[in-house]
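Novice:
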Amino acid sequence: ISLIISCFTIIGWCPPEDDAVSPTFIRGVLDFRIFIKNFIEFPVFGVKHKNMADDLKPCVFHPKDDKHCPIFTLDYIVNQAENDSNERDLMLQYGGVISIKLDWDCNLDRNIKICKPAYSFARLDVPYREKPFSVGFNFRYASTWKHERDQFRTLTKAYGLRFIIATSGKAGKFDFIRLSLNIGSLVGIFGLATFFCDIIILHLSKKADIYRMHMVEKIHVKNPYENQQQASNNSSEQNDGIHSNTNSNVKTELEYETPRNGIISMEKVVVSRLNSPAVSTLS
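93 is the number of the first residue of the sequence shown in the numbering used here; add one for each residue after it.
1. Going along the chain, which residues of its own chain have a beta-carbon closer than 6 Å to the beta-carbon of Cys-106, five neighbours each way excluded?
2. Enumerate in chain order the residues of its own chain whose CB-to-CB distance from Thr-116 is below 7 Å, with the five nearest sequence positions on each side excluded.
3. Name, in chain order, the residues that DSSP records as bridge partners for Lys-249.
4. Ordered along the chain, which non-local residues of its own chain (more than five positions away) have a Cβ less than 8 Å from that of Asp-123?
5. Using the three-state DSSP reduction, which class does Ser-340 fall into: helix, strand or coil?
6. Looking at chain B, is there any beta carbon in it that lies within less than 8 Å of the beta carbon of Glu-309?
7. Does the structure place the region 185 to 204 close enough to the region 138 to 158 that three or more beta carbon pairs sit under 8 Å?
8. Classify Met-183: buried if its beta carbon has 16 or more other beta carbons within 10 angstroms, exposed otherwise.
9. Do you know how far the Cα of Ser-235 is from the Cα of Ile-163?
10. Rounded to whole angstroms, what is the Cα-Cα separation between Lys-273 and Phe-213?
11. Can you check which of these residues, Lys-249, Arg-221 and Val-227, is closest to Tyr-233 by C-alpha distance?
12. Out of Ile-132, Ala-300, Gly-276 and Ile-311, state which residue places its alpha-carbon closest to the alpha-carbon of Pro-209.
See the structure below:
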């Protein structure tokens with residue numbers, strides 16, 4: 093039996109890095125404080141501002157008691173970014189990434205010192221309960237030196253919290269020219285010009301009565317019962333007129349009729365268009 097043993101050479105620093113070693117949890121780290129300085133500018137209005145007061149005094153941020161203080165405890169930031177207590181403990185041990193956002197909303201018609209940002213916090217790294225390939229946040233840094241012709245290096249793998257600060261904001265100021273343009277566009281879109289002109293002419297003009305006479309049409313509306321009764325009265329009057337005209341025409345024809353063979357005999361047929369007797373016979 094022949095045994096072949098192979099070996100290889102690694103050129104590197106000794107000893108090699110051991111990933112099985114767990115990082116040490118630092119006690120009292122939640123009491124650390126972070127001072128956030130933020131400077132902004134609105135170039136359109138030529139305004140510059142900052143989130144610090146001119147006479148800044150020692151303070152700690154509180155959402156109700158002191159919400160304008162730019163000094164935060166690490167405990168408050170972690171609690172705002174992560175609600176799960178187990179996840180918070182793992183973040184403090186293996187690191188994590190937290191976003192700090194400052195949102196400005198300034199009214200430049202008021203004193204610029206009144207404008208303060210709104211702070212919000214969110215976690216950006218993948219939670220440990222989802223078992224990602226790379227957990228937490230860490231980085232390495234090395235320091236080298238020489239001693240008696242030998243070169244030494246100290247490699248440090250640091251775990252910690254990384255803060256990414258983002259700033260956004262908007263500002264506004266009253267502008268009379270822009271207001272006039274907006275009002276003019278509104279009047280043109282909804283056709284309010286004619287409406288306002290009619291109101292002015294009808295109530296402020298000296299010849300408002302003439303304009304109202306040509307503009308307004310009066311309509312008298314009767315109820316259906318009165319219209320039906322008036323129609324029946326007109327129908328009866330027309331029937332009476334037709335009968336009277338028929339009798340007068342027959343008498344006239346009788347007076348001027350020439351008798352044939354000494355016998356006077358005549359028939360007259362009158363047809364009416366109304367709802368009266370359709371045929372009337374005289375002999």
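For every residue, glycine included, the Cβ atom is placed at its ideal position computed from N, Cα and C.
Because the structure is a prediction, the values reported are computed rather than measured.
Specialist: Considering the structure as presented:
1. Cβ neighbours of Cys-106 within its own chain (closer than 6 Å, five residues either side excluded): none.
2. Nothing meets the Cβ criterion.
3. Arg-232.
4. Contacts found: Thr-165, Leu-166 and Asp-167.
5. Its pLDDT being 49, under 50, Ser-340 is placed unreliably in this model, and the coordinates cannot settle the point.
6. The question asks about chain B, but that chain is absent: this structure has only one protein chain.
7. By the criterion of at least three beta-carbon pairs nearer than 8 Å, the region 138 to 158 is in contact with the region 185 to 204.
8. Burial is judged here by how many other beta carbons sit within 10 angstroms of a residue's own beta carbon; Met-183 has at least 16 and is buried.
9. A direct Cα-Cα distance of roughly 32 Å separates Ile-163 from Ser-235.
10. Lys is not the amino acid found at residue 273; the sequence shown has Leu there. For Leu-273 and Phe-213, the gap between their C-alpha atoms comes out near 40 Å.
11. Among Lys-249, Arg-221 and Val-227, the Cα nearest to that of Tyr-233 is on Lys-249.
12. For Pro-209, the nearest C-alpha among the options comes from Ile-132.
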